[in-house]
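Step one of this worksheet: look at the structure below.
There are 2 protein chains.
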Amino acid sequence: MGFYLRSLQRLPSLQATMYSNAANVVMTGALGRMLYGEPIGPRWLLARLGHLSYRLIIAYDGTDYCGWQLQPSAPTVQRALEAALCTVLRTERGVLGVRAAGRTDSGVHARGQVVQFSCNKDLDVSKMPYKLNSVLPHDIRVLRIHRTAPDFSVTCSALGKCYHYSVTNSEVHDPLRNRYAMHVRKPLDLAAMREAAAAMVGTHDFTQFSNIGEEGGRPRKRNPVKTLRRVDVVKLEELAPGALRIEVEGNGFLYKMVRHISGVLMAVGEGRLPPATVTRMLEVGSNAPPGCNGRYRGYNVAPAKGLCLHEVFYDPRVDDPSTILYPDLLHDEYGRLLESIPASDDDE
Amino acid sequence: MGFYLRSLQRLPSLQATMYSNAANVVMTGALGRMLYGEPIGPRWLLARLGHLSYRLIIAYDGTDYCGWQLQPSAPTVQRALEAALCTVLRTERGVLGVRAAGRTDSGVHARGQVVQFSCNKDLDVSKMPYKLNSVLPHDIRVLRIHRTAPDFSVTCSALGKCYHYSVTNSEVHDPLRNRYAMHVRKPLDLAAMREAAAAMVGTHDFTQFSNIGEEGGRPRKRNPVKTLRRVDVVKLEELAPGALRIEVEGNGFLYKMVRHISGVLMAVGEGRLPPATVTRMLEVGSNAPPGCNGRYRGYNVAPAKGLCLHEVFYDPRVDDPSTILYPDLLHDEYGRLLESIPASDDDE
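Chains B and C, in that order, are what the protein sequence lines are.
All residue numbers for the first sequence refer to this note's numbering, where the first residue is 1 and numbers rise by one.
All residue numbers for the second sequence refer to this note's numbering, where the first residue is 1001 and numbers rise by one.
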C-alpha cells in the first residue's frame, strides 16, 4: 500500500494510473498467492516489480576484455557493467536482464554501445552515470542513461548502426594508436578504396563478407541481405600521421561483417584485389563460387583492435516511458511485450 | 691497416681522407700507447672509433614508463631503447652515449622524440628502423634514422620544439582517450583560452609557468626567458566528442612549462582565472609576487598523460655527415666538438 500511495503522490496523473494499477495487480496477486498457500519468493516479487526499462549508452576500451558477452571465466564488459549495476542498485544480476545492441567481439571497442536493463526502482537518470562510473573500471564509461518505453528492445528497436574501423597507414605503426588502429605499411590507394566502398552501398547479400557458414562456424538461418547506407574512407591526417578511418553505416550486420569489409577495402587499397572483385562478391552472395571452399580469398579479415561500435540509431520515441512502440503486439499490464518481435540480425 | 684500406676503397674521396686520417691517428695512438706500455683496452679503442653520429626519431606511449631518463630500478624509455640498440649493434651501452632532445617525464608520450647515439659502424639507415622495431616493445617505435654531422648535439643543435597537450572536454571521459588525454568536465570557454594563449606568444620570462625554484625543487641558474612562437587551442570534434588539443611551439622550455601553460589555459577556460592573469604572470616573471610562496595559484599543473612531445626542429644541415655545424669551435680529428657549446634549456 505504501508503494501505491507513494506512486499516487509523486507521479503525473497518467503514469500514476499505470503505477497504481501495477501496484494493485502486484498486491492482488500477492494476496491471491498467500490465500492459496503459494510461496511469494523474492524472485517472483522482483520479476513482478522489475518493469521499468532503462537504456544506457556506454563507451569502452575493449583491449583488456574478452568482448561484451558474459563468459564463465573471462573478463567481459557485460560482467563489469553488471557488477557495477548490482553495486549501485543493490540488486541481483539476474533481475536486471542486461542486454546490448551489439555483442562486440574480443578486443573490439565502443563509443556508443547501447545497453538495456530492467529495474523496479525509479532511478534519477541524471545522477546514475556518475554513480556507475565511480565503481566501473577506467576503461568502461557510462555516458548517458534514459528511461525508455516499456516495450523497448535494445536489439529489435534499433534502426541501424555505425561502426568505425581505424587504420594507420605509415612506414611504422604509431605507438599512440597501437591499441585502437590496425597498421598497414604499404601506401593505400584511397581512390580505389572509395570506388570499392561505393559498390557496397545499397541492399546486397553480404554472405561473402561474413563468417556465416565458414568451416567451424555454426550455420545460421538469418537473412544475409543487409542495406548499407554509407561506407566512407576518411583521412585524418591532422590527428596523427597516416591516420585513416573506414566508417560503415547500415541497418544490420552479419558476424564480423565490418572486419571483412575493412579487410577487403585494405586489400583493394594495397592493390592486391581489383575494386571490381567487390561487385562480384556481392553478386555471388550466398551462392558459393566454385572451389575455394565457397569463399572469395585474397584478403585478411581486419583485426579486432581497429573496430569501434560508434553509434546505434533509434527512433527518438524510445526515450519516452509512456509510449508503446509496438501497439499491434500483445503487452502485459506494465507495457512489456508478451509476443516476440521479429529478431533483427545484430551479429557483429 | 685493414680499416685504413677498406676506408679508402669504399668511401668517396673527401670522406675517405677523413677516415684514413682517423685510422692513422688511431693506429699511431695505439702504437704510441704500446711503446709507452699503456694498456689498450676495448673501451679506449671503441671511444676512438665511435665517431659516427646518428639521429633517431622515435615515438612512444609513455604510460608504462617512468619517463625518458635512465633510472636504476624503473622501466624507462632510454633503458628499452639502449637494450634494443645493444642487441642490434652487438655493442655495449656505454659506447653509444644515448641522449634525447627532451627528457620527457614519467607518463609523457612522444611522437617526434629525437635521440642521438655514436657508433663505430657505418649502419644501413634504411634498414635500422625495422631491425630496432623487431626487438623493441610495442609501445616504442623507431620512425627514422639519419647519419648526422659529426658535431651534431641533439639538445644544443635544436632550434625549437613543439608539444601537444590533449584534453577531452565532455561530461564523461572517453575511455578510448583515457591514456592520452586529460578530462575536463566543465565546458571550456575556447575564446577566453585563445585570448590567454595569445598573450603567451612572444619572448617572456616564464618562471611563473614552471617548477623552477619551487619548494623541494633544486634552484637552477638557467635562463627563464623563452620565446613561444605559437600557442594554439584546436578543436578536434571529428576525432572524438569533446576532443581538444593545445599546441605549444617555442625555442625552449622550462621544467614542466607546457603542463603549467595547459593548466593555466584550462583554468581560464573553466572561468576560474581571468585571461588577464596570464599577462600579470608574465610581467612578474622571476620577481616573486607578495605572499603565496612566490607563485600565482588558482590552477593545477596539467597531468603528464595528456602531454606529447610532437616535434623537435633542426637545421636541415644536421643530416649531412660531411658538414661541420659549429665551424668556430674546436673539433677533434673526427669532427667531434671538443669545446662545449652554450647549453640550451631542454627541461620539459
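Where a beta carbon is used, it is the ideal one built from N, C-alpha and C, also for glycine.
Residue i burial status per 10 Å Cβ neighbour count (16 or more: buried)
i, result
"Thr-1028 of chain C", "Residue placement at Thr-1028 of chain C cannot be trusted, given a pLDDT of 48 that sits under 50; what the coordinates show is reported in the next sentence. Classification for Thr-1028 of chain C: exposed."
"Leu-1124 of chain C", "Inspection of the sequence shows that residue 1124 of chain C is occupied by Asp rather than by Leu. So Asp-1124 of chain C counts as exposed."
"Gly-1217 of chain C", "Confidence in Gly-1217 of chain C is poor, its pLDDT being 46 and thus under 50, which makes the residue's placement unreliable; the coordinate value appears in the next sentence. Under this definition Gly-1217 of chain C is an exposed residue."
"Glu-215 of chain B", "Any answer about Glu-215 of chain B is weak, because its pLDDT of 49 lies below 50 and its placement is not dependable; what the coordinates show is given next. Glu-215 of chain B is exposed by the Cβ-count criterion."
"Arg-1090 of chain C", "exposed"
"Val-1135 of chain C", "exposed"
"Leu-1330 of chain C", "exposed"
"Gly-1338 of chain C", "It is Leu, not Gly, that sits at residue 1338 of chain C in the sequence shown. Under this definition Leu-1338 of chain C is an exposed residue."
"Val-1234 of chain C", "exposed"
"Ser-340 of chain B", "exposed"
"Ala-1196 of chain C", "buried"
"Glu-1238 of chain C", "exposed"
"Ala-1181 of chain C", "buried"
"Arg-230 of chain B", "exposed"
"Ala-1199 of chain C", "buried"
"Asp-995 of chain C", "Chain C is shown only over 1001 to 1348; residue 995 of chain C falls outside these bounds and no answer can be derived."
"Ser-126 of chain B", "exposed"
"Asp-1346 of chain C", "Low local confidence applies: a pLDDT of 49 at Asp-1346 of chain C is under 50, so the model's placement there is unreliable, with the coordinate-based value given in what follows. It is buried - the Cβ of Asp-1346 of chain C has at least 16 other Cβ atoms within 10 Å."
"Asp-328 of chain B", "exposed"
"Thr-207 of chain B", "buried"
"Asp-332 of chain B", "exposed"
"Arg-177 of chain B", "buried"
"Gly-1269 of chain C", "buried"
"Asn-287 of chain B", "exposed"
"Pro-1275 of chain C", "buried"
"Pro-1129 of chain C", "buried"
Sub-8 angstroms separation of residue i and residue j beta-carbons
i, j, result
"Ser-118 of chain B", "Ser-53 of chain B", "yes"
"Val-201 of chain B", "Leu-228 of chain B", "yes"
"Tyr-60 of chain B", "Ala-101 of chain B", "no"
"Thr-1323 of chain C", "Arg-1179 of chain C", "no"
"Val-108 of chain B", "Gly-67 of chain B", "yes"
"Glu-249 of chain B", "Cys-162 of chain B", "yes"
"Leu-158 of chain B", "Phe-253 of chain B", "A quick correction: the sequence has Ala, not Leu, at residue 158 of chain B. Cβ atoms of Ala-158 of chain B and Phe-253 of chain B: not closer than 8 angstroms."
"Val-95 of chain B", "Lys-131 of chain B", "no"
"Val-154 of chain B", "Gln-116 of chain B", "yes"
"Val-1301 of chain C", "Lys-1256 of chain C", "yes"
"Asp-105 of chain B", "Ala-267 of chain B", "no"
"Leu-309 of chain B", "Gln-113 of chain B", "yes"
"Leu-307 of chain B", "Arg-259 of chain B", "yes"
"Ile-1057 of chain C", "Arg-1194 of chain C", "no"
"Tyr-65 of chain B", "Pro-72 of chain B", "no"
"Ser-1334 of chain C", "His-1051 of chain C", "Inspection of the sequence shows that residue 1334 of chain C is occupied by Tyr rather than by Ser. Yes, Cβ-Cβ distance for Tyr-1334 of chain C and His-1051 of chain C is below 8 angstroms."
"Asp-1205 of chain C", "Gly-1285 of chain C", "yes"
"Leu-1085 of chain C", "Val-1098 of chain C", "yes"
Under 8 angstroms from the C-beta of residue i: neighbouring residues of chain B
i, result
"Asn-952 of chain C", "In this structure chain C extends from 1001 to 1348, so residue 952 of chain C is not present and cannot be described."
"Pro-1129 of chain C", "Glu-171, Val-172"
Where residue i meets chain B, residues with beta-carbon distance less than 7 angstroms
i, result
"Arg-1236 of chain C", "Correcting the residue identity first, residue 1236 of chain C is Leu in this sequence and not Arg. Simply Leu-239."
"Asn-1133 of chain C", "Val-172"
Closer than 9 angstroms at the beta carbon, the chain C residues around residue i
i, result
"His-109 of chain B", "Pro-1175, Leu-1176"
Cβ-heavy atom distance, residue i to the ligand HEM, below 7 angstroms
i, result
"Val-1142 of chain C", "Of the ligands one can find in the structure shown there are none, so the ligand HEM has no counterpart to examine."
When you compare the region 231-245 of chain B with the region 167-179 of chain B, are there three or more beta-carbon pairs, one atom per stretch, that lie closer than 8 angstroms? These segments touch.
By the 9 angstroms beta-carbon criterion, what residues does the region 1143-1175 of chain C contribute toward chain B? Taking 9 angstroms as the Cβ-Cβ cut-off against chain B, the residues of the region 1143-1175 of chain C that qualify are Leu-1143, Arg-1144, Ser-1170, Glu-1171, Val-1172, His-1173, Asp-1174, Pro-1175.
At a cut of 8 angstroms, does the region 1149-1160 of chain C reach the region 1309-1321 of chain C through at least three beta carbon pairs? Verdict: yes, contact present.
Do the region 1264-1284 of chain C and the region 1066-1086 of chain C make contact, defined as three or more Cβ pairs closer than 8 angstroms? For the pair of segments examined, the region 1264-1284 of chain C was found not to touch the region 1066-1086 of chain C: the number of CB pairs separated by less than 8 angstroms stays below three.
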